[in-house]
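Reviewing the structure listed below.
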Amino acid sequence: MKYKGIIFDLDGVICFTDHYHYLAWKALADEIGVYFDETINNRLRGVSRMASLEIILERSEKAYTPAEKEQMAEKKNGIYRKLLEKMTPTDLSGEVKETLDALRAAGAKLAIGSSSKNTKLILSRIGLGGYFDAISDGTNITHSKPDPEVFTKAAEFLGLPPQDCLVVEDALAGIDAAVAGGFDGAGLGEAASHPKVTWPLKTFSGLMAIES
Ligand code: BG6
Ligand code: MG
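Read in our numbering, the sequence shown has 48 at position 39, and its numbers run on one by one without any break.
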C-alpha cells in the first residue's frame with residue numbers, strides 16, 4: 010500500500026449520519042423560525058457543533074446569548090442522539106467493511122479523524138467499536154476542520170508522519186484540513202471536486218485502486 014496509514018472521516022464516509030444531522034438541525038431551525046435547507050446543511054459537513062449552529066443562526070433576526078446557544082446545541086444533540094438509536098450494524102455497508110478489511114490486510118493502519126463528539130457512540134452502533142487502530146475526534150481537539158488538528162492528532166496516535174497518511178473525506182472543509190496538515194486527500198461526493206484533492210473517488214471501494 011502506498012500509504013502506511015489511512016485516516017477516515019466518519020459522517021458521510023464510513024456511515025451516513027449526515028442525514029440525521031440534517032433532520033436534527035432542521036427540527037431546531039423550525040422551532041426557532043429560521044430558514045434551513047439541504048444546501049445550507051452542506052456547509053455544516055466537517056464543521057463542529059457550535060460552528061454549525063453559528064452558520065444556521067446567520068439567517069436569524071434574533072441575537073442569542075452564549076448560554077442560549079449552548080442550550081440550542083444541546084437540544085439538537087439530544088434529537089440527533091435519539092435518531093442514532095435507530096442505527097444498527099446493518100447501517101455499515103458491505104462495501105465499506107470489505108474495503109476497510111482489504112486495506113488492513115494490505116498493511117495499512119486505519120484511523121478515524123472526525124469532528125464529532127458522538128464518534129465512539131456511532132462506531133459502536135454500527136459494529137465498529139474497537140475496530141480502528143486510532144480514533145481522533147471532537148473530544149480531543151480544540152479547532153475543527155478546516156483546521157488540520159483532528160488529522161494531525163490521528164497521525165500522531167498512529168505514530169506516523171502526515172506524508173505517510175492518506176485522509177478520506179466527503180467535505181470540502183475536510184480536504185482543506187488535509188492539505189493544511191500536509192496530507193494527501195481522497196475525496197468522495199462534493200470533496201471529489203475539490204481543486205486540491207489528490208485522489209477523486211466515485212465510490213468508497215475506489216480506494217483499492219490507489220496504486221500500491
Ligand atoms: C462532523 C459532521 O463529522 O461532526 C458535522 O460532518 C458535525 O456536520 C460535526 O457538526 C460535529 O458532530 P457532533 O456529533 O459532535 O455534534
Ligand atoms: Mg463528513
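Ideal Cβ placement from N, Cα and C applies to all residues, glycine included.
According to DSSP, Ser-145 shares a beta bridge with Gly-122. Taking 9 Å as the cut-off, the Cβ atoms of Met-59 and Ala-82 count as close. Of the heavy atoms belonging to ligand 2, none sits nearer than 8 Å to the Cβ of Asp-156. With a cutoff of 9 Å on beta-carbon distance, Ser-125 and Leu-19 are scored as near each other.
Bounds of the alpha helix (DSSP H) holding Phe-166 are 158-167. For Val-176, the pairing in a beta bridge is given by DSSP as Ile-16 and Gly-194. Collapsing the DSSP output to three states places Pro-209 in a strand. Taking C-beta atoms as the reference points, Thr-97 and Gly-136 count as a pair closer than 9 Å. CA-CA distance, Phe-25 to Phe-213, rounds to 13 Å. Selection Asp-179, Gln-80 and Val-159 evaluated against Gly-191 yields Val-159 as nearest (Cα-Cα).
The C-beta distance from Gly-55 to Lys-154 rounds to 4 Å, short enough to meet the 8 Å contact threshold. Taking a 10 Å sphere around the C-beta of Arg-134, we find 16 or more other C-beta atoms and assign the residue as buried. Membership of Pro-75 in the alpha helix (DSSP H) is indicated by the continuous run 75-93.
For the pair Pro-75 and Leu-130, the Cα-to-Cα distance works out to about 27 Å. By the Cβ-count criterion, Asp-110 is exposed, with fewer than 16 other Cβ atoms from all chains shown falling within 10 Å of its own Cβ.
With 16 or more other Cβ atoms inside 10 Å of its own Cβ, Ala-180 counts as buried. In this chain, Val-56 is not harboured by any alpha helix (DSSP H), its DSSP state being neither H nor E. Remark: the C-beta of Val-22 is in contact range of ligand 2, defined as less than 8 Å to any heavy atom. The criterion of a C-beta distance shorter than 9 Å is not satisfied by Ile-15 and Leu-197.
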